[in-house]
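K.L.:
Those letters in the sequence shown? Residues 992 to 1229, per this note's numbering, in order. Quick reminder that beta carbons are idealized off the backbone N, C-alpha and C, glycines included. One structure follows; several queries about it will come next.
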Amino acid sequence: MKKIAGLMFFVVLSAVFVAAAADSKAVEKKKVIAIDAGHQARGNSSVEPIGPGSSTKKAKVSSGTSGVSTKVPEYKVTLAAAKKLKKELVSRGYKVVMIRTKNDVNISNKERALKANKKADICIRLHADGVNDSSVYGASALCPSAKNKYVAKLSGKSKKLSECVLSEMCKEAGAKNRGISLRDDLTGTNWSTIPVTLIEMGFMTNPSEDKKLNSKSYQKKLAKGMAEGVDRYFGFDD
Ligand SMILES: [Zn+2]
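In C-alpha cells form, the structure reads like this:
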C-alpha cells in the first residue's frame, strides 16, 4: 500500500511538472509583435525629426514605389502582406498590434514607432523596393547600426531579428536574399525603443517580382517565412 501511495504521489507530481512546463511555454509565446505596413494611400510631405532630439527632418510618410507591371502602389502590397503575417503569427500564439489596417490613414513614421513601442516586444516594418533598373530583384532587411545616434543599444537585437526574418522569408518564398543593410536615417526605426526590422520584400520595379508580390499565394509564403523567422528570433523554433 505504501509503495502504491508513493507511486501515485510521483505520478501526480510529474503531471504537475509537465503541466507547469507546458504552461510556461504558452505564456512565453505571448510575445506581442507590431506590424507596420509601410506607407499609406497619400504620402505626407510635412516633416518631422528623424530621431529623438534630431535637427534633421524628413517627410512624415513618403509615397512609396509602385508596380512596374501591375501598377499597384506599394502601400496596398504592404497592407496585404501585413494582414497575412498577422494571421500567421496569431495562429502561432503571438499577439499582434497592427499599426494600420486601412490604406486611407495619416500616420507619420514617428507616430508608427511610438504606437509599436507602447504595446509590442518587437516591430516588423513591411516595405517593397523600387529602383531605376528593372533587372534588380530580391529581398533585404534594414536595421540600425551600432553607431546609430538614437537606437545604438537596439542594434544587436535588431540585426538578429532582421537576419532571422529575412533568411526564413527568403527560404520559404524562394526569394533572392540581398542581405542586411545598416541604416541610421530611418525615422520609423530611430524612434523605436524595441528591436525593429524593416523588410524590403522584393522589387516592384522588377516585372516578375512585382507580379509575385501581388499574388496571394506568394504573400502567404512571405508571411509564413517571416513568422518562422520570428519563432527563430525568440527561440520557439525547436
Ligand atoms: Zn517603402
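Since residue 1041 and residue 1049 are thought to touch, with beta carbons under 8 Å apart, how far apart are those beta carbons, to the nearest angstrom?
P.N.:
The residue labelled residue 1041 in the question sits at position 50 within the sequence shown. The residue labelled residue 1049 in the question sits at position 58 within the sequence shown. Between residue 1049 and residue 1041 the Cβ distance is about 5 Å, and since that is below 8 Å, they are a contact.
K.L.:
What residues sit near ligand 1, counting only those whose C-beta is closer than 6 Å to one of its heavy atoms, in chain order?
P.N.:
Cβ-based neighbours of ligand 1 within the cut-off: 1029, 1030, 1055, 1065 and 1118.
K.L.:
Enumerate in chain order the residues of its own chain whose CB-to-CB distance from residue 1018 is below 8 Å, with the five nearest sequence positions on each side excluded.
P.N.:
Along the sequence shown, one-based indexing puts residue 1018 at 27. Its pLDDT being 44, under 50, residue 1018 is placed unreliably in this model, and the value from its coordinates should be taken loosely. Answer for residue 1018: no residue qualifies.
K.L.:
Grab me the residues of residue 1111's own chain with a C-beta within less than 8 Å of its C-beta, minus the 5 sequence neighbours each way, in chain order.
P.N.:
On the sequence shown, position 120 is the one that residue 1111 refers to. If we look at residue 1111 and ignore the five residues flanking it on each side, its Cβ neighbours are 1023, 1024, 1025, 1088 and 1185.
K.L.:
Could you round the C-beta distance between residue 1192 and residue 1119 to whole angstroms and report it? I think they count as a contact, below 8 Å.
P.N.:
As a working note, residue 1192 is residue 201 in the sequence shown. As a working note, residue 1119 is residue 128 in the sequence shown. Confirmed, Cβ separation roughly 5 Å.
K.L.:
Distance check for residue 1028 and residue 1078, CA to CA, integer angstroms please.
P.N.:
What you label residue 1078 is simply residue 87 of the sequence shown in a count that begins at 1. What you label residue 1028 is simply residue 37 of the sequence shown in a count that begins at 1. Rounded to whole angstroms, residue 1078 to residue 1028 spans 14 Å at the Cα level.
K.L.:
Report the rounded CA-to-CA distance for residue 1045 versus residue 1063, giving the unit in angstroms.
P.N.:
Start at 1 with the first residue of the sequence shown, and residue 1045 comes out as number 54. Start at 1 with the first residue of the sequence shown, and residue 1063 comes out as number 72. Using only the alpha carbons, I get a separation of about 34 Å.
K.L.:
Below 8 Å on the Cβ atoms is my contact criterion, and I expect residue 1047 with residue 1121 to pass it. Report the Cβ-Cβ distance as a whole number of Å.
P.N.:
Against the sequence shown, residue 1047 aligns to sequence position 56. Against the sequence shown, residue 1121 aligns to sequence position 130. Not a contact, Cβ separation roughly 23 Å.
K.L.:
So, are the CB atoms of residue 1175 and residue 1059 less than 7 Å apart?
P.N.:
Position 184 of the sequence shown, counted from the start, is the residue given in the question as residue 1175. Position 68 of the sequence shown, counted from the start, is the residue given in the question as residue 1059. No. Outside cutoff.
K.L.:
At the level of alpha carbons, what is the spacing between residue 1146 and residue 1152?
P.N.:
The count along the sequence shown starts at 1 and reaches residue 1146 at position 155. The count along the sequence shown starts at 1 and reaches residue 1152 at position 161. Their backbone Cα atoms lie some 10 Å apart in a straight line.
K.L.:
So, does the stretch 1160-1172 touch the stretch 1091-1100, judging by three or more C-beta pairs under 8 Å?
P.N.:
No: fewer than three Cβ pairs fall under 8 Å.
K.L.:
So for residue 1205, helix, strand or coil by DSSP?
P.N.:
Taking the first residue of the sequence shown as 1, we reach residue 1205 at position 214. Reduced to three states, the DSSP call for residue 1205 is coil.
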